[in-house]
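Heads up, the thing below is written out as structure tokens.
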Amino acid sequence: QEHPKAVIVIFGATGDLAKRKLFPSIYRLVQNEKIGNDFAVVGVGRRPWTNDEFRSNVSDSIQTAMKESKNLDNFTSHFHYHPFDVTNPSSYLELNTLLNELDGTYQTEGNRIFFLAMAPEFFGTIAQNLKIQGLTDTNGWSRIVIEKPFGHDHPSAQKLNQEIREAFNEDQIYRIDHYLGKEMVQNIEVIRFSNALFEPLWNNRYIANIQVTSSEVLGVEDRGRYYENSGALRDMLQNHMLQMVALLAMEPPIKLTTNEIRSEKVKVLRALRAISEDEVSDYFVRGQYTSGQLDEQQLIGYREENNVADESQTETYVAGKLLIDNFRWAGVPFYIRTGKRMAAKSTKIIVQFKDIPMNLYYKKGEQVAPNLLIINIQPDEGVTLQLNVKKDGDAGDSKPVKFDLSSNFLDGLNTPEAYEKLIYDCLRGDATNFTHWDEVALSWKFVDPISQAWTKGKAGLATYPAGSMGPKEADELLEEDGNEWWPVY
Ligand code: BG6
């Protein structure tokens, strides 16, 4: 197996993402022999750390993530720290000198990944300086990885994109949506396109509705400042939720190549029925958590959290009904919801099939359970099918049974973390599981009228107690169509 070689430069190396996700992922790539010895990691940040301080931070992060204590000296010797001021050109020149030196030491052939894991206001400045100061001009390849948020609406995203594009081509830009690195999100395509049982039914003739839920138990933690300007719509729906919808709804690509898959996803986003500001309340519900209780723990309301305004109008929950105006999906609602401080951490896709034309087991006043295909993304991974079988003893009666196929799905313990897969993809130059600019642009265009309507107060802000499954208004959204949310935990 050929190992990719590169120097990975992490901007924001003293931050939370680097510590929680990036260092452990790089460690696992080495452990799983996806990368060999020809790599180096350069952490840049404002703090005046030494290499030793940086290395001990890296080592702590790995011990915590892997829950084991090993001697990591050999691994951390590949890590170097470089104090940095993003607005100072000479910082870039010094960094370049270091990178050239490490290139020689680790035989990385001039390959460079610039990973921007820091405040987005500097993304444009950094990208441009990397080019102007010559850091992208090597014998190898250069790629830039951008963490979210990619803008806060369409115009700001476009501006940011232009700034980055002045320095990098689209095929050098890797926009992270970490949901695309999740094993079961990647499984959506395989489940759909490799099974004769599902693909023929995957359309408006057989599917009644599709529900995508991503609920979290955590509140805003210490991210109040960021979250106040973001809310659930920008934080989760514009990116992760719409990406999952695109994968569920896209046509089979003609080949499994990056461009073919992307172009099918883009078509779904183009077919999303646009919602105008005045219609928003017919399709979307926003909510904010108030104080509540979960597992006997008292939880404060969102407005009591640190760095949150007393009268904050920021939504910590959003539910919506999407319609996809194309041949396959006309008339099938896609219901999506996501929120913080809900009753369970659960990301699930539930595909509800239509009833058969005449059900012989129908009893007056009772509901016949529909067939459900449940794709469990996290924390459980796998698939569950709900089918109807004979009710014990009673001829003429049926009952729904859930068949759990999860144990057959994954090898178990070692499913790689999203970031591990995404970093490896980037090292190999595979951008399939990253977001193309066209997808970002279309997602913002869909989302912008919703946030504008909310800013203008055109729709109310519902509330829900912390530890619940969201506001009752979100149940009503489905009731209007004669549907209900299926339980997700
Ligand atoms: C991030 C959001 O993109 O996704 C966070 O900014 C959220 O607010 C997180 O908590 C959820 O990710 P996961 O992988 O835990 O579902």
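Per the UniProt record's numbering: the sequence shown ends with 492, consecutive numbering throughout.
Beta carbons: idealized from backbone N, C-alpha and C, even for Gly.
Proximity test, residue i beta-carbon vs the ligand COA heavy atom, cut-off 7 Å
i: residue 423; result: No copy of the ligand COA occurs in the structure displayed; its ligands are the ligand BG6 alone.
heavy atom of the ligand BG6 below 7 Å from residue i C-beta
i: residue 318; result: no
i: residue 238; result: yes
i: residue 151; result: yes
i: residue 291; result: no
i: residue 308; result: no
i: residue 246; result: no
i: residue 349; result: no
i: residue 219; result: yes
i: residue 497; result: Here the chain comprises residues numbered 4 to 492, so residue 497 is not present and cannot be evaluated.
i: residue 34; result: no
i: residue 189; result: no
i: residue 381; result: yes
i: residue 243; result: yes
i: residue 155; result: no
i: residue 181; result: yes
Residue interval of the alpha helix (DSSP H) (run including residue i)
i: residue 227; result: 227 to 231
i: residue 320; result: Note, residue 320: premise wrong, no alpha helix (DSSP H); beta strand (DSSP E) at 320 to 325.
i: residue 454; result: 440 to 458
i: residue 158; result: 157 to 168
i: residue 252; result: 245 to 252
i: residue 264; result: 261 to 274
i: residue 524; result: Here the chain has residues from 4 to 492 only, and residue 524 is not among them.
i: residue 203; result: From DSSP, residue 203 is part of no alpha helix (DSSP H); its letter is neither H nor E.
i: residue 491; result: First-last for residue 491: undefined, no H or E at that position.
Separation of residue j from residue i, as counted between CA atoms
i: residue 187; j: residue 379; result: 7 Å
i: residue 252; j: residue 98; result: 44 Å
i: residue 290; j: residue 17; result: 34 Å
i: residue 245; j: residue 205; result: 18 Å
i: residue 309; j: residue 19; result: 18 Å
i: residue 196; j: residue 265; result: 16 Å
i: residue 267; j: residue 144; result: 28 Å
i: residue 126; j: residue 148; result: 10 Å
i: residue 255; j: residue 13; result: 36 Å
i: residue 68; j: residue 340; result: 29 Å
i: residue 299; j: residue 115; result: 50 Å
i: residue 315; j: residue 484; result: 31 Å
i: residue 488; j: residue 451; result: 26 Å
i: residue 396; j: residue 402; result: 12 Å
i: residue 438; j: residue 25; result: 19 Å
i: residue 440; j: residue 9; result: 25 Å
i: residue 421; j: residue 260; result: 20 Å
i: residue 229; j: residue 208; result: 43 Å
i: residue 263; j: residue 219; result: 33 Å
i: residue 239; j: residue 199; result: 32 Å
i: residue 385; j: residue 189; result: 12 Å
i: residue 358; j: residue 211; result: 8 Å
In DSSP terms, what residue i is bridged to
i: residue 137; result: None, per the DSSP bridge assignment.
i: residue 345; result: 471
i: residue 480; result: Beta-bridge pairing links residue 480 to no other residue.
i: residue 83; result: 45
i: residue 237; result: Paired residue(s): none; residue 237 is not in a bridge.
i: residue 178; result: 149
i: residue 407; result: 387
i: residue 290; result: 320 and 465
i: residue 340; result: 216 and 322
i: residue 350; result: 217 and 381
Segment limits, beta strand (DSSP E) that includes residue i
i: residue 298; result: Where residue 298 is concerned, there is no enclosing beta strand (DSSP E), given that its DSSP letter is neither H nor E.
i: residue 51; result: Premise fails: residue 51 is in no beta strand (DSSP E) and is neither H nor E.
i: residue 90; result: Residue 90 -> no beta strand (DSSP E), and no H or E assigned at all.
i: residue 328; result: No beta strand (DSSP E) contains residue 328, which DSSP labels as neither H nor E.
i: residue 217; result: 210 to 218
i: residue 115; result: 115 to 119
i: residue 430; result: Looking at the DSSP string, residue 430 is not in any beta strand (DSSP E); the run it does join, the alpha helix (DSSP H), is 421 to 431.
i: residue 379; result: 375 to 381
i: residue 196; result: Run containing residue 196: none in the beta strand (DSSP E); it sits in the alpha helix (DSSP H), 186 to 196.
i: residue 11; result: 9 to 14
At least 3 beta-carbon pairs within less than 8 Å: the region 450 to 470 vs the region 275 to 294: yes
Evaluate contact between the region 444 to 458 and the region 172 to 186, counting only Cβ atoms and requiring at least three cross-stretch pairs below 8 Å. Fewer than three pairs of CB atoms, one per stretch, sit closer than 8 Å, so the region 444 to 458 makes no contact with the region 172 to 186.
Do the region 77 to 88 and the region 45 to 52 meet, that is, are 3 or more Cβ pairs less than 8 Å apart? yes
Please confirm if the region 363 to 382 is in contact with the region 345 to 355, defined as three or more CB-CB distances below 8 Å between the two stretches. yes
Touch check for the region 435 to 449 and the region 152 to 162: three-plus C-beta pairs under 8 Å? yes
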